[in-house]
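Novice: In the UniProt record's numbering, the protein residues as written are 1 to 1192.
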């Protein structure tokens, strides 16, 4: 039941993080400060000057949007919706409401529009349908009718798909279509559209088109060429790879001869956008070219940063990661070439502000990039800047909200990122990328810590200055997909397969291990006091754990059901569950008190406010229901929709004023919660940036500080004493060193004198040897000079002889070559003469042969005519003989062909094996190269290690010197050890008498153990008596249950009495009916057997017997306490527990008596009402007697 009740709270969307991709023209300028784009289930009007948003709610948010356009007055938005019959919805941007819907009035096979355009005068809307029709419908949108339509792709044309459409900026009767092998300029006639001008485009693949003015059209191709058509004639073709200046007045003689460069680069041109005095378009998906048509015609290139430039891994600290692909892939792209080879970062939409000051483009990763066009000149490369926040790519699977700060954290499983957001400022604070899938995240209430769940581990992180997540501790898990901090933050729960592990947030110890589920756990909820935990699983099993007693308190199971999410009240008595069957269930003390079908398909998640007054449920297609509490027989709720995909997570802030929702398409919504009067439920609190600390934590810190101060004082005293001892030992060492130095200096002086005398004698000997060596060297030099001159003369004579020999050889060679050349010329002349003579002879022979052939041919023709007649008869006879042989041969040929095919297959497999072997060889060569590089790296490491070894040797030498000094100190220590040994001997003398005392104590202990044995025997007898008493108590409990059943019977009896009295009261006016009813009632209750009333007397007797038994036990207990040892207090505690059980039974009996008296009062009140009837006085006395008996 959908109802706007005064008790139901409402939601108002405040901000929406999201952007849908997969549709063309998804970003439009409303003015120079506002952007319009489609996100999930709404149209967002984003004012980036103050970071605020307004929303236009779609008429059917679940439908897929393929394209949209805004009129020239900027007040009407046209949105194309996909369906069996595609439609166009028109929205008024001033009033934010839906005003008209345009549909196809004819039968069509297309299910979507790929392009829609407003005419220059805002009177008409041109809509181009998709495959296989490709029909342009020309709507008069104010009258909601089709003025005309045009089949763009005809069977005769046989062209490819249509990729773009453009309307003339001055004349609404002119338009242009382009595609693969398609270029059509159309003009509106009296009734139909007619083609004119250039149309021979079979060899070209056009991707985009636009009108520069009323006469000129520009069209771009996949291979980087731009075609200029003026008044329907092809004027020029430009190549973007060689185009430095874009001047439309410069045209070539043969435009079709312009060819693209033979490079493997992607130069696809897309999204022609004419601007004031210029042109913008996209090249290769990542660059925006801007050409100015007047002053400086050179290009300005705006580039989109690639993925690798933006991603930052965990090792590098925090960073920014990719955006998300949260769009609907079902929508058609804006170009006909579906597989263009671009990456996910390629530009999908290009838009320019009305004053041409800003440029905005949308990429395939759902990111907006922008740049200013002012102050940019030709031949510049400008990098586009990100606009807005980076979103999740592939959906949000984890959400957690801080209680002390206005922040929340999300995680994406597909893009492997964790993001921290500020929902008050609506900004992204932190984004961190991981190398593995992130399954869930939980934020500490203080906002300073976070737990991130991976598949096989959980990481406890510290949020370091809102810059990065620094890991503090890791915990191993298995199949972890949920993690939750408690409300105080002292503990956190982790899913470890089918078990819930609870850890301490301070010591990181595992406090509890909770088991009870047999299938995947889907949700966890903590109690306000942190001592209870509620969980549910896929098999619709709900487990409530008491952490104070470490018990599995309650286990609730539903057959053939499944629970996805749950919410619990503050007192943990009421539990609400969400299930895929679309029903909400309210549980109260293990019983289902409400089970309602909301008629909104499967339920995805549920959340309950801290005040237990608001309940929000996420349904199919992103619908949020706000329910009135308590849930009544007719469910009252309000619907809110801003998402159009499944809502995966939903959380309320601590003051219940803000709701945060996340969807599987990566979008995030921030809602304000309002009451029935339209006001926010709570004022926005002042969040603190400081971390609060508990009193126990402060006490522990103060105690540790005092202990550390005492320890400091002790250490200072010790250090002072050590310093005094060290100074004394240092003085002694100095004295010893000085005496030793003086002795060594004298020895050094003596050695110095002896060494000086030896040095003088050695010097004299060396001088004598040097003089002798000089003389020998002079004689040797003279002998060498003489030998050198003789060898020079001998070598000169040899050189002269060789020159003469070479000259003679050259002369001989020249003579021989001249003789050979003359002989060769003579031979050639003779050969030429012989060749000419032979040619003449051959020509004569050839002519004779021709004449003979002509004669023979005439004879052959005559013979052929004769043989033709005979040949026909012979062929006919041979045909009958040859056919069976031919069939046999054909069969053999077929077998041979099969064998050949088998051999071909074998050859192909052999070739594949050869290719595999070549690949393995290449891989082996690469591995060898890598091994060589690794060996070089190891050699470098070895050199570094050798250097470190040398440093270590130097350190070892220093340590050796230090050890020598320590040995001197050890001598002093040995003296102290002697003193300690003397003290030890004195202590041994004191210990001997103490050992004597110990022996006496042992003997006393043996005697006491014997006494304890006797007491144990007496205790066994007491245990037997206690067992007998327990059996008696069990029998009494059974009897009490029987008594309770009898009381229930009597309660039903009283209810029947009430009904009979009620019927009598109705017949007071009719005397006859009143008498008959009183007689029948008297007959009913006079035949009752009241023998069971005597059982209450037996209960009183049994109670008195039990009280006497308890008194006897207390007496025995008092006597046993005087005799027994303190070790026997366990039995006393058991007896006390038995007394508590008896007291509970007494209380239950009292409550039953009070209920019985209340029933009596009710009967008395109804009896007083019927006292006005005179004939019923006798019957009232009988009822009073019955009440007295019941009281007894």
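By construction, the Cβ of each residue, glycine as well, lies at the ideal position given by its N, Cα and C atoms. All of these numbers come straight from a predicted model, not from anything done at the bench.
In whole angstroms, what separates the C-alpha of residue 1002 from that of residue 1115?
Specialist: Straight-line Cα distance between these residues: approximately 35 Å.
Novice: Counting only the same chain and skipping the five closest in sequence on each side, list residues whose C-beta sits under 7 Å from that of residue 100.
Specialist: Contacts found: 90, 141, 144.
Novice: Could you give the DSSP three-state label for residue 619: helix, strand or coil?
Specialist: Residue 619: coil per DSSP, three-state reduction.
Novice: Looking at the structure shown, is residue 20 part of a helix, part of a strand, or coil, going by DSSP?
Specialist: Coil at residue 20, not helix or strand.
Novice: Terminal residues of the continuous beta strand (DSSP E) containing residue 369?
Specialist: 368 to 372 is the span of the beta strand (DSSP E), which, as asked, contains residue 369.
Novice: If I measure Cβ to Cβ from residue 147 and keep anything under 8 Å in the same chain, skipping five residues before and after, which residues do I get?
Specialist: Around residue 147: 124, 138, 139, 140.
Novice: Would you call the segment 48 to 61 and the segment 603 to 615 touching, i.e. three or more CB-CB distances under 8 Å?
Specialist: Because the criterion of three Cβ pairs below 8 Å is not met, the segment 48 to 61 and the segment 603 to 615 do not touch.
Novice: For residue 220, write down the residues that DSSP places opposite it in a beta bridge.
Specialist: In the DSSP output, where bridge partners are listed per residue, residue 220 has 208, 226.
Novice: Following the continuous beta strand (DSSP E) through residue 392, name the residue where it begins and the one where it ends.
Specialist: Residue 392 -> no beta strand (DSSP E), and no H or E assigned at all.
Novice: By Cβ distance below 6 Å, which residues in the same chain neighbour residue 14 in space, the five residues on each side in sequence not counted?
Specialist: Result list for residue 14: 670, 672, in chain order.
Novice: Considering only the alpha carbon of each residue, which of 475, 516, 528 lies closest to residue 507?
Specialist: It is 475.
Novice: What's the gap between the Cα of residue 324 and the Cα of residue 410?
Specialist: Reliability fails at residue 324, whose pLDDT of 37 lies under 50, so the model's placement of it is uncertain and the value that follows must be treated cautiously. Distance between the alpha carbons of residue 324 and residue 410: 13 Å.
Novice: I need the DSSP call for residue 745, collapsed to helix, strand or coil.
Specialist: It is helical.
Novice: Residue 193 lies in the beta strand (DSSP E); which residues open and close that run?
Specialist: 193 to 196 is the span of the beta strand (DSSP E), which, as asked, contains residue 193.
Novice: Under 9 Å between the Cβ atoms of residue 401 and residue 458?
Specialist: Cβ distance not < 9 Å, so residue 401 and residue 458 don't count as in contact.
Novice: Use the C-beta contact count for residue 392: other C-beta atoms within 10 angstroms, 16 or more gives buried, fewer gives exposed.
Specialist: Label assigned to residue 392: buried.
Novice: Residue 557 by DSSP, collapsed to three states: which one?
Specialist: Note: residue 557 maps to strand in three-state DSSP.
Novice: How big is the Cα-Cα spacing for residue 650 and residue 491?
Specialist: So the alpha carbons of these two residues sit roughly 22 Å apart.
Novice: Can residue 520 and residue 538 be called in contact, C-beta distance under 9 Å?
Specialist: It is a contact, given that the beta carbons lie within the stated cut-off.
Novice: Measure the Cβ-Cβ separation of residue 556 and residue 590 and say whether it is below 9 Å.
Specialist: Yes, the pair counts as a contact, with Cβ atoms nearer than the cut-off.
Novice: Beta-carbon separation of residue 272 and residue 288 under 9 Å?
Specialist: No. Outside cutoff.
Novice: Taking 9 Å as the cut-off, decide whether the C-beta atoms of residue 150 and residue 186 are in contact.
Specialist: Result yes, Cβ atoms of residue 150 and residue 186 sit closer than 9 Å.
Novice: Using the rule of at least 16 other Cβ atoms within 10 Å of the residue's Cβ for burial, across every protein chain shown, is residue 730 buried or exposed?
Specialist: Residue 730 comes out exposed.
Novice: Here's the rule: buried if 16 or more other CB atoms are within 10 angstroms of the residue's CB, otherwise exposed. What is residue 189?
Specialist: Exposed, since its Cβ has fewer than 16 Cβ neighbours within 10 Å.
Novice: Measure the C-alpha to C-alpha separation of residue 363 and residue 433 and round it to an integer number of angstroms.
Specialist: Answer to the nearest angstrom: the Cα atoms are 20 Å apart.
Novice: Should residue 367 go down as buried or exposed, given a rule of 16 or more other Cβ atoms within 10 Å for buried?
Specialist: Buried, by the Cβ-count rule.
Novice: Under the rule that 16 or more other beta-carbon atoms within 10 Å means buried, what is residue 504, buried or exposed?
Specialist: Under this definition residue 504 is an exposed residue.
Novice: By the three-class DSSP mapping on this structure, what secondary structure does residue 962 have?
Specialist: Three-state DSSP puts residue 962 in a helix.
Novice: So the candidates are 278, 561, 565; which of them puts its Cα closest to the Cα of residue 525?
Specialist: Considering only alpha carbons, the answer is 565.
Novice: Buried or exposed for residue 1202, going by 16 or more other Cβ atoms inside 10 Å?
Specialist: In the structure displayed, the chain extends from 1 to 1192; residue 1202 sits before or after that span and is not available.
Novice: Look up residue 476 in the DSSP assignment and give the residues it is bridged to.
Specialist: Paired residue(s): 457.
Novice: How is residue 1127 classed by DSSP in three states: helix, strand or coil?
Specialist: Confidence in residue 1127 is poor, its pLDDT being 46 and thus under 50, which makes the residue's placement unreliable; the coordinate value appears in the next sentence. Residue 1127 falls in the helix class under three-state DSSP.
Novice: Do you know offhand how far residue 224's Cα is from residue 77's?
Specialist: Residue 224 and residue 77: Cα-Cα distance of roughly 33 Å.
Novice: So residue 1195 and residue 152 are supposed to be a Cβ contact under 8 Å. How far apart are they, rounded?
Specialist: Given that the chain is displayed from residue 1 to residue 1192, the structure contains no residue 1195 and the question cannot be resolved.
Novice: Compute the distance between the beta-carbons of residue 1194 and residue 540, then report whether it is under 9 Å.
Specialist: Here the chain covers residues 1 to 1192 and nothing more, so residue 1194 does not appear.
Novice: By alpha-carbon positions, which one of 662, 674, 587 ends up nearest to residue 626?
Specialist: Looking at the Cα atoms, 674 is the closest of the given residues.
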